Amino acid sequence: MEVVKRINRTIACGLCCIKVKNLGVHFGSETVLQDINLHIHCGTITEIIGKNGAGKSTFVKALLGEVKHTGDIEYRNIEGGDKKNLRIGYVPQNLNIDKSTPMSVYDLFASFCFKVPVLIKSKKIYAKVKDALEEFEAEDLIDRPIGTLSGGQLQRVLISMAVMDKPKLLILDEPVSGIDSSGMKVFYDKMKYLKENYDMAILIVSHDLEYVYKYADNVMLLDNTVVAYGSPRDVYATKAFDDIFGVFTLDDSSKGADSHMTDMDLHKRTSDTKEEPFDASYKGGKA
Amino acid sequence: MNEFLSLFSYDFMINALLAVLLIGPLFALLGTMIVMKKMAFFSDALGHSAFTGVAVGVILGITSTEISMIGFAVIFALILNHIKKRNPDNVDTIISVFASVATALGLCVLSFGGNFSEYSSLLVGDILSISKKEILYLLIIFIATIVFICFAINWLNAISINATVARSHNIKVQLIEDIFAVIIAITVMLSIRWVGLLLVNALLILPAASSRNISENMREYVGYSVVFSLFSGLLGLFVSYFINIATGPVIVIVAAIIYFATYIYGGRS
Chain A
1 MEVVKRINRT
11 IACGLCCIKV
21 KNLGVHFGSE
31 TVLQDINLHI
41 HCGTITEIIG
51 KNGAGKSTFV
61 KALLGEVKHT
71 GDIEYRNIEG
81 GDKKNLRIGY
91 VPQNLNIDKS
101 TPMSVYDLFA
111 SFCFKVPVLI
121 KSKKIYAKVK
131 DALEEFEAED
141 LIDRPIGTLS
151 GGQLQRVLIS
161 MAVMDKPKLL
171 ILDEPVSGID
181 SSGMKVFYDK
191 MKYLKENYDM
201 AILIVSHDLE
211 YVYKYADNVM
221 LLDNTVVAYG
231 SPRDVYATKA
241 FDDIFGVFTL
251 DDSSKGADSH
261 MTDMDLHKRT
271 SDTKEEPFDA
281 SYKGGKA
Chain B
1001 MNEFLSLFSY
1011 DFMINALLAV
1021 LLIGPLFALL
1031 GTMIVMKKMA
1041 FFSDALGHSA
1051 FTGVAVGVIL
1061 GITSTEISMI
1071 GFAVIFALIL
1081 NHIKKRNPDN
1091 VDTIISVFAS
1101 VATALGLCVL
1111 SFGGNFSEYS
1121 SLLVGDILSI
1131 SKKEILYLLI
1141 IFIATIVFIC
1151 FAINWLNAIS
1161 INATVARSHN
1171 IKVQLIEDIF
1181 AVIIAITVML
1191 SIRWVGLLLV
1201 NALLILPAAS
1211 SRNISENMRE
1221 YVGYSVVFSL
1231 FSGLLGLFVS
1241 YFINIATGPV
1251 IVIVAAIIYF
1261 ATYIYGGRS
């Protein structure tokens, strides 16, 4: 809990809210997203699920201001709030890093988060980076060239970097692709920890329905617009969910506990999302 | 030894030496960021726009071709940057189209009336003909580059890794990219007459590429790059003096030998 003390916490409240109102995205005559309304509160995990091409990544880009959109995104906190004060931490789906990139993990942090030129190795910054990495059991990676990290290691580094700036909203775009099952549990436990201790609003684009069910507070099922929204239990019971993912066996007692999906369901899920390698390259040390 | 020292009895050799001492680190610094941002083709295209820059100067009757070259290259770089931003998936094709058009236009104008041979020295360059005043220009852009790199190296790095993540850290991506493109344009145009249009890009890219083969962090990367660039510049200058061949190509050959040596030493494919 030492880290929590260091962080200048905003008032833990659930009153901070990112409000998405009537958001739409159009590429020429093609409508990619329309009528998206969503409230994301601090201290919650909201998961976005949907089939490929449903507009999940586009929604994330709209939130980040990377694509033009209609409608509004507002930020409110207990002091009123302004969108300018909304710090967003973002962990992308993938980074194409060349193996020979001459950049260590320290350099990566220094480049994104600090003003002291990366050509000067600062002991103070080094210590801060190490602290941030410790949160995700990645402190040993600090001097490693980023091109040599495995998928899981790079992901932990990127998350620690996104969290370091103490964002109000943490967005992760399909962060678990490339991570095996035990790595996923570690990842989701960490998200739960962040939500509870940092009061962050966390938005995750995900394919893994089992973990979404266990860990999400709210689920948004997207298919160019919001086709279902609510608790995982409610969303997973909708017809829209069945149409997209097939029947998912639910059990009231399963939230936060073991999964009750049958083998058949699991098979159905992986075949729906077959391009996501669940166990491809994760070789993470302590995780 | 006396024979070696004798080369400093000529003013043109001292000027050339000063120029190499400036161009070396200047190109090394810019080159590291150009390679990092995968802009090697971009700087090459800028070099090709030199012909059109000269041509514009001839048409407008501007006596100093440097001014028209720099002016044109800066506009060319900024336009290219903005088109790149709109079409991120087709960058190499777009740059190629722009470079070809710029070269063709320049050649058309300059060859009008059969006068092209006047300008052919641009292709190869001649560092031995540099004057004190022109060295001063290089010094100014060198200082400007150092100041810019000190401020912007973190941002340039961040953008090269992922522009979206950089923006989420409040980095002004477009502004930095534009300033960087302008600095490359001015540097390339100020050096092209000394190192030659055909080789300017090699000198920008080779030291950084060599350094990349053996570096594991940014300090090594920039440090080795400056050392390789200075070493190949100085050795190239001396060798070219003693065996009486053009300086630019010798420098590039030395830099290329360093590249292959580091490639083998680094053992990376």
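Heads up: the sequence lines are chains A and B, in that order. Take 1 as the starting number for the first sequence in my numbering and just add one per residue. Take 1001 as the starting number for the second sequence in my numbering and just add one per residue. We put the beta carbon where it would ideally sit given N, CA and C, even for glycine. This one's a predicted model, so the numbers in the text were calculated from it and none came from an experiment.
Leaving aside the five residues that flank B:ASN1087 on each side, the residues in its chain whose CB is nearer than 7 Å to its CB run, in chain order, ILE1094. In this structure B:PHE1148 is buried. Its beta-carbon is surrounded by 16 or more other beta-carbon atoms within 10 angstroms. A direct Cα-to-Cα measurement between A:ARG76 and A:ARG87 gives close to 12 Å.
Around the beta carbon of A:GLU196, fewer than 16 other beta carbons sit within 10 angstroms, so the residue counts as exposed. In the structure shown, A:ASN22 falls within a strand segment according to DSSP collapsed to helix, strand and coil.
Counting the other Cβ atoms within 10 Å of the Cβ of B:ASN1154 gives 16 or more, which makes it buried.
Taking C-beta atoms as the reference points, B:ALA1208 and B:SER1191 fail to come closer than 8 Å. For B:ARG1219, the chain A residues whose Cβ falls inside 7 Å of its Cβ are LEU119 and LYS121, in order along the chain. A:PRO175 does not reach chain B, its nearest Cβ partner there being about 13 Å away, counting only Cβ pairs nearer than 9 Å. Under the DSSP definition of a beta bridge, A:TYR75 partners with A:ILE18. Interface criterion not met: the Cβ of A:ALA127 is under 8 Å from no Cβ in chain B. For A:ASP107, the closest Cβ of chain B is nearer than 8 Å.
By the neighbour-count criterion, in which 16 or more other beta carbons inside 10 Å mark a residue as buried, B:CYS1150 falls on the exposed side. Counting C-beta pairs closer than 8 Å gives fewer than three between the region 1170–1178 of chain B and the region 1224–1240 of chain B, which falls short of the contact rule. Out of A:LEU23, A:LEU38, A:ASN37 and A:ILE97, the CA that lies nearest to the CA of A:ALA62 is found in A:LEU23. With the criterion set as a beta carbon lying under 8 Å from some beta carbon of chain B, the region 194–224 of chain A has no members that meet it. Sorting A:ILE142, A:TYR215 and A:LEU194 by C-alpha distance to the C-alpha of B:GLU1216 places A:ILE142 at the top. An exposed status is given to A:ASN85, since fewer than 16 other beta-carbon atoms sit within 10 Å of its beta-carbon. With three or more CB-CB distances shorter than 8 Å, the region 31–41 of chain A counts as touching the region 50–69 of chain A. Just so you know, the alpha carbons of B:ARG1193 and A:LEU119 end up roughly 31 Å apart.
Within its own chain, the residues whose Cβ lies closer than 8 Å to the Cβ of A:ASN224, once the five positions on either side in sequence are excluded, are THR31, VAL32, LEU33, GLN34, ALA54 and GLY55, listed in chain order. At least one CB atom of chain B sits nearer than 8 Å to the CB of A:GLU66. Counting along the chain, the unbroken alpha helix (DSSP H) around A:ALA132 starts and ends at 123–134. Residues of chain A whose Cβ lies closer than 7 Å to the Cβ of B:ARG1212 are, in chain order, SER100 and PRO102.
Counting only unbroken stretches of 4 or more residues, the alpha helix (DSSP H) elements lying wholly within the region 84–119 of chain A are 105–113, in sequence order. With 16 or more neighbouring CB atoms inside 10 Å of its own CB, A:HIS207 falls in the buried class.
In the DSSP assignment, the residues bridged to A:PHE27 are A:GLU30.
In the three-state reduction of the DSSP assignment, B:ASN1115 falls in the coil class.
Residue environment for B:PHE1008: exposed (fewer than 16 other C-beta atoms within 10 angstroms of its C-beta).
When DSSP reads this structure, A:PRO145 sits in a beta bridge with A:SER104.
C-alpha of B:TYR1137 to C-alpha of A:HIS26: approximately 49 Å in a straight line.
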